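Per this note's numbering, residue 4 is the first one in the sequence shown, and the count goes up by one each step. Positions of the beta carbon are idealized from the N, C-alpha and C atoms, including for glycine. Here the structure is a predicted model, which means the values were calculated and not measured. Contents: one structure, followed by commentary.
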Amino acid sequence: MKLKIFPYSKKFEEKFKKEKKRISKILKDCEIYHIGSTAVSGLGGKGIIDIMIGIKSFKDAKSVIKKLNELGFTHIHPKEKGRVFLSKDPKLFQKNVHIHITKIGSKAYKELLFFRDYLRKNKEEAKNYNNLKIKWLKESNADRKKYKNLKSKYINKILKKNETMFIPKVKFTNASVSYDINWFYHFLFKHRWDWSKYVIKRHPKIEEVKSFEKENERVNFLKKYINNFWKKNKVTINKNKSKYQKEWRKIEKEFFEFLSELMQINWPKNRKTIKAMMSICPICPRFLNDWSFSAFYNFDIKNALKVIMHECCHFLYFEKWKKMYPKADRKTFETPHIEWHLSELAAPIIINDKRVQKLLKQKASFYKEHSKIKIGKKTAPQFFTEIYNRNINKENGFELFLKEAYKQIKKHKKLFT
Ligand SMILES: [Zn+2]
Numbered sequence: 004m005k006l007k008i009f010p011y012s013k014k015f016e017e018k019f020k021k022e023k024k025r026i027s028k029i030l031k032d033c034e035i036y037h038i039g040s041t042a043v044s045g046l047g048g049k050g051i052i053d054i055m056i057g058i059k060s061f062k063d064a065k066s067v068i069k070k071l072n073e074l075g076f077t078h079i080h081p082k083e084k085g086r087v088f089l090s091k092d093p094k095l096f097q098k099n100v101h102i103h104i105t106k107i108g109s110k111a112y113k114e115l116l117f118f119r120d121y122l123r124k125n126k127e128e129a130k131n132y133n134n135l136k137i138k139w140l141k142e143s144n145a146d147r148k149k150y151k152n153l154k155s156k157y158i159n160k161i162l163k164k165n166e167t168m169f170i171p172k173v174k175f176t177n178a179s180v181s182y183d184i185n186w187f188y189h190f191l192f193k194h195r196w197d198w199s200k201y202v203i204k205r206h207p208k209i210e211e212v213k214s215f216e217k218e219n220e221r222v223n224f225l226k227k228y229i230n231n232f233w234k235k236n237k238v239t240i241n242k243n244k245s246k247y248q249k250e251w252r253k254i255e256k257e258f259f260e261f262l263s264e265l266m267q268i269n270w271p272k273n274r275k276t277i278k279a280m281m282s283i284c285p286i287c288p289r290f291l292n293d294w295s296f297s298a299f300y301n302f303d304i305k306n307a308l309k310v311i312m313h314e315c316c317h318f319l320y321f322e323k324w325k326k327m328y329p330k331a332d333r334k335t336f337e338t339p340h341i342e343w344h345l346s347e348l349a350a351p352i353i354i355n356d357k358r359v360q361k362l363l364k365q366k367a368s369f370y371k372e373h374s375k376i377k378i379g380k381k382t383a384p385q386f387f388t389e390i391y392n393r394n395i396n397k398e399n400g401f402e403l404f405l406k407e408a409y410k411q412i413k414k415h416k417k418l419f420t
């Protein structure tokens with residue numbers, strides 16, 4: 004069937020109100036909105052009444068759909084882009100009523116409302132959109148698929164204006180040699196966990212540094228070794244930097260949007276970039292003060308992406324933490340505090356979430372020191388993963404997870420110190 008564009012009509016609003024009344028009678032505890040072209044005065048369109056139903060959790064979707072079936076919304080389309088889509092008899096075509104079920108606060112939920120409100124507020128843009136629709140109709144020869152493609156390009160352009168959907172970008176640079184010297188020294192001699200086996204595995208010749216007693220002798224040895232290493236491997240480092248950047252770009256947006264939706268918090272607008280510093284030290288610290296972290300230069304790409312995900316997780320995680328615990332002392336975000344331990348458990352738990360695994364397809368690993376800890380019969384990673392799984396699909400699931408996990412880790416503090 005070919006498309007037609009109808010002018011705006013006041014009847015759209017009346018039709019929506021009628022449907023809303025019917026729906027709210029049988030569905031309690033949800034939000035019902037008029038969205039799409041028929042919801043914007045002055046805008047023409049296919050004449051389909053689009054209704055968004057915001058629910059608290061997709062766990063409730065089945066029972067919601069069942070109730071909507073009773074109202075005649077029997078045609079169920081597969082879930083896509085975070086929404087379940089239902090309509091009445093598809094033969095109705097342009098007189099149809101479409102229902103979009105989304106989770107309150109999700110990306111789809113925010114986008115649908117933002118798009119509508121943007122056009123409601125900007126009459127000129129609504130006019131422009133209306134003219135474009137007529138143009139696309141001609142261009143696509145009224146073919147539904149072609150028309151949809153042209154439309155979605157425009158929609159994406161408008162959605163970019165939504166600042167609450169802002170996400171940062173990871174920029175890759177090379178760490179300085181003095182930075183590397185400093186961190187090698189730290190992980191070899193100063194950190195309370197013994198990282199030297201990981202360092203020596205990647206840099207066997209560095210073991211010699213342990214034969215020196217004095218700090219300045221150690222530093223001199225490291226200086227020479229690291230300087231040389233950088234010179235010899237500059238090409239590889241730069242090549243891998245481009246590779247990391249290129250592969251990361253493919254998943255960055257989806258991953259960052261997922262984190263924001265999961266934790267129910269927006270990325271702060273004043274953090275436009277996260278700096279990834281290519282380093283030859285295989286241990287990758289992160290810095291909450293300026294949102295930067297080290298990326299080891301010679302990971303295979305999956306491991307590199309995993310590390311980048313892990314570090315970026317921390318940045319938004321602590322934003323959430325500060326919101327939940329405004330009085331939290333910044334010091335506790337670093338080792339050896341219990342809050343730091345929890346953040347290091349939470350990052351791989353989040354990365355192992357099946358929605359992230361769709362992007363990464365490789366399980367995240369926990370610190371060996373954490374895997375050695377037993378809480379009852381479970382290891383610490385198992386114990387906290389279970390708390391995550393138990394809560395995450397509930398309303399405010401991430402907050403519930405953090406609260407319970409925090410309570411538990413405090414209770415078992417001795418095991419971590
Ligand atoms: Zn970490």
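Cβ-heavy atom distance, residue i to ligand 3, below 8 angstroms
{"i": "Arg289", "result": "No copy of ligand 3 appears in this structure; the ligands present are ligand 1."}
First and last residue of the uninterrupted beta strand (DSSP E) at residue i
{"i": "Asp120", "result": "Asp120 -> not in any beta strand (DSSP E); alpha helix (DSSP H) instead, spanning Lys110 to Lys124."}
{"i": "Arg86", "result": "Arg86 to Ser90"}
{"i": "Pro81", "result": "His78 to Glu83"}
{"i": "Phe296", "result": "Ser295 to Phe299"}
{"i": "Val100", "result": "Val100 to Lys106"}
{"i": "Thr276", "result": "Thr276 to Ser282"}
{"i": "Ile51", "result": "No beta strand (DSSP E) holds Ile51; DSSP gives it neither H nor E."}
Per-residue burial, residue i [other beta carbons within 10 Å of its own, 16 or more giving buried]
{"i": "Ser90", "result": "buried"}
{"i": "Pro10", "result": "exposed"}
{"i": "Trp196", "result": "exposed"}
{"i": "Lys141", "result": "exposed"}
{"i": "Glu342", "result": "buried"}
{"i": "Pro81", "result": "exposed"}
{"i": "Ser263", "result": "buried"}
{"i": "Pro329", "result": "exposed"}
{"i": "Val144", "result": "Note on identity: in this sequence residue 144 is Asn, with Val being the wrong assignment. Classification for Asn144: exposed."}
{"i": "Ser3", "result": "Nothing in the structure corresponds to residue 3, since the chain is present only between 4 and 420."}
{"i": "Asp183", "result": "buried"}
{"i": "Pro384", "result": "buried"}
{"i": "Arg358", "result": "exposed"}
{"i": "Gly50", "result": "buried"}
{"i": "Ser282", "result": "buried"}
{"i": "Pro351", "result": "buried"}
{"i": "Arg147", "result": "exposed"}
{"i": "Ile304", "result": "exposed"}
{"i": "Lys323", "result": "buried"}
Distance between beta carbons of residue j and residue i, contact taken as under 8 angstroms
{"i": "Ala408", "j": "Phe387", "result": "5 angstroms"}
{"i": "Leu345", "j": "Ile412", "result": "5 angstroms"}
{"i": "Asn273", "j": "Thr167", "result": "Actually they do not touch by this definition, with Cβ atoms about 14 angstroms apart."}
{"i": "Ile52", "j": "Thr41", "result": "5 angstroms"}
{"i": "Thr276", "j": "Pro207", "result": "That pair is no contact at about 35 angstroms."}
{"i": "Phe296", "j": "Pro288", "result": "7 angstroms"}
{"i": "Ile104", "j": "Val67", "result": "6 angstroms"}
{"i": "Ala111", "j": "Arg86", "result": "5 angstroms"}
{"i": "Cys1", "j": "Phe404", "result": "Lying outside 4 to 420, the shown extent of the chain, residue 1 is not represented and no answer is given."}
{"i": "Ile229", "j": "Val180", "result": "6 angstroms"}
{"i": "Ala279", "j": "Ile254", "result": "Incorrect: roughly 14 angstroms between the Cβ atoms, too far for contact."}
{"i": "Met55", "j": "Ile79", "result": "The pair is not a contact, with the Cβ atoms about 16 angstroms apart (cut-off 8 angstroms)."}
Assigned secondary structure, residue i (DSSP; H/G/I helix, E/B strand, else coil)
{"i": "Gly400", "result": "helix"}
{"i": "Arg358", "result": "helix"}
{"i": "Ile378", "result": "strand"}
{"i": "Asn131", "result": "helix"}
{"i": "Phe215", "result": "coil"}
{"i": "Val173", "result": "strand"}
{"i": "Phe61", "result": "helix"}
{"i": "His37", "result": "strand"}
{"i": "Arg252", "result": "helix"}
{"i": "Arg289", "result": "strand"}
{"i": "Ile352", "result": "helix"}
{"i": "Ile56", "result": "strand"}
For residue i, the first and last residue of its enclosing alpha helix (DSSP H)
{"i": "Ser66", "result": "Ala64 to Glu73"}
{"i": "Ser368", "result": "Per DSSP, Ser368 belongs to no alpha helix (DSSP H) and is neither H nor E."}
{"i": "Asp183", "result": "Val180 to Tyr188"}
{"i": "Val2", "result": "This structure does not reach residue 2, given that the chain is present from 4 up to 420, and the question cannot be answered."}
{"i": "Cys315", "result": "Ile304 to Met327"}
{"i": "Thr388", "result": "Ala383 to Asn394"}
{"i": "Ser143", "result": "Here Ser143 belongs to no alpha helix (DSSP H), and DSSP marks it neither H nor E."}
{"i": "Ile26", "result": "Lys13 to Ile29"}
{"i": "Leu418", "result": "Lys416 to Phe419"}
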